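To start, the structure itself, in structure tokens.
Okay, here's the thing in structure tokens:
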């Protein structure tokens with residue numbers, strides 16, 4: 010059965026800290042891995058990583074994909090209170106366009 | 029563009045009542061999805077559609093029905109609401125175009141409470 014597992018489930022840090030969020034996956038015919046940020050509303054897209062693009066960076070956020078060990082990490086440097094959110098990881102496999110979602114990591118950044 | 033919109037934003041139902049949630053997208057996307065999100069359970073797919081007139085079951089379809097009569101709209105119906113259907117419902121859509129192929133765009137959500 011396809012699955013995506015995120016860790017930790019929750020995390021509390023202080024402003025300025027660097028955090029690493031983990032996502033492991035077991036997906037048949039893996040196609041891509043996606044990261045989303047969810048504040049008190051709908052998830053918003055952050056990154057997509059595929060076999061041809063295993064590292065992405067946007068400002069203080071970066072993500073890598075390890076295709077051999079079947080995991081991805083999301084790094085956030087110099088965290089700010091605005092980074093407080095649930096970070097969701099999802100994976101796509103096969104041709105059916107459905108995403109397999111992890112349970113998310115709840116990040117709280119304290120001032 | 030409005031992107032993905034959902035109607036209503038909030039609703040309170042009594043057990044046994046019925047209702048329909050409307051999702052609309054103006055991005056000409058082929059794929060549309062209905063999810064529910066509960067604390068500690070993540071996003072769970074209820075039903076999805078790969079095109080106008082076509083729907084399929086997700087992982088938690090029981091108690092829900094859907095219809096996709098127009099490409100831009102995806103309706104989620106609850107025929108006889110139960111307290112277990114209290115949740116936040118998200119609609120999403122994705123395209124068949126160029127990369128990112130799998131990115132799903134989400135609506136703002138509907139918070140449903142069944143008493």
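Chains as they are written, first to last, in my numbering: chain A, 10 to 120; chain B, 29 to 143. Ideal Cβ positions, reconstructed from N, Cα and C, are used throughout, including at glycine. A quick note: this is a predicted structure, and the numbers were derived from the prediction, not measured.
Check, Outcome
"Could you have a look at residue 26(A) and say whether DSSP puts it in helix, strand or coil?", "coil"
"Check whether the Cβ atoms of residue 86(A) and residue 118(A) lie closer than 8 Å to each other.", "no"
"Please state whether DSSP places residue 53(A) in a helix, a strand or coil.", "strand"
"Which residues does DSSP pair with residue 95(A) in a beta bridge?", "47(A) and 115(A)"
"Closer than 6 Å by C-beta to residue 52(A): which residues in its own chain qualify, once you throw out the five before and the five after it? Chain order, please.", "45 and 97"
"Within a Cβ cutoff of 8 Å, which residues of the same chain sit near residue 98(B), ignoring the five residues on either side of it in sequence?", "80"
"Give me the residue from 75(A), 59(A), 55(A) and 15(A) with the minimum Cα distance to residue 66(A).", "55(A)"
"Does the distance from the CB of residue 108(A) to the CB of residue 99(A) come in under 8 Å?", "yes"
"Is it a yes or a no for the region 64-75 of chain B touching the region 36-55 of chain B, going by three-plus beta-carbon pairs under 8 Å?", "no"
"Of the residues that make up the region 98-120 of chain A, which ones have a beta carbon closer than 7 Å to any beta carbon in chain B?", "101, 106, 107, 108, 110, 111, 112 and 113"
"Would you kindly work out how many angstroms separate the C-alpha atoms of residue 43(A) and residue 106(B), rounded to a whole number?", "30 Å"
"Does the region 131-143 of chain B come close enough to the region 103-118 of chain B to have 3 or more Cβ pairs within less than 8 Å?", "yes"
"Below 8 Å on the Cβ atoms is my guess for residue 76(A) versus residue 63(A); work out the distance and round it to an integer in Å.", "7 Å"
"Helix, strand or coil: how does DSSP classify residue 112(B) here?", "helix"
"Starting from the beta carbon of residue 50(A), find every residue of chain B whose beta carbon is closer than 9 Å, and list them in chain order.", "134, 136 and 137"
"Report the partner residues of residue 70(B) according to the DSSP bridge assignment.", "66(B)"
"In terms of DSSP beta bridges, what is residue 65(A) paired with?", "72(A)"
"My output table needs one value for residue 33(B): the three-state DSSP class, helix, strand or coil.", "strand"
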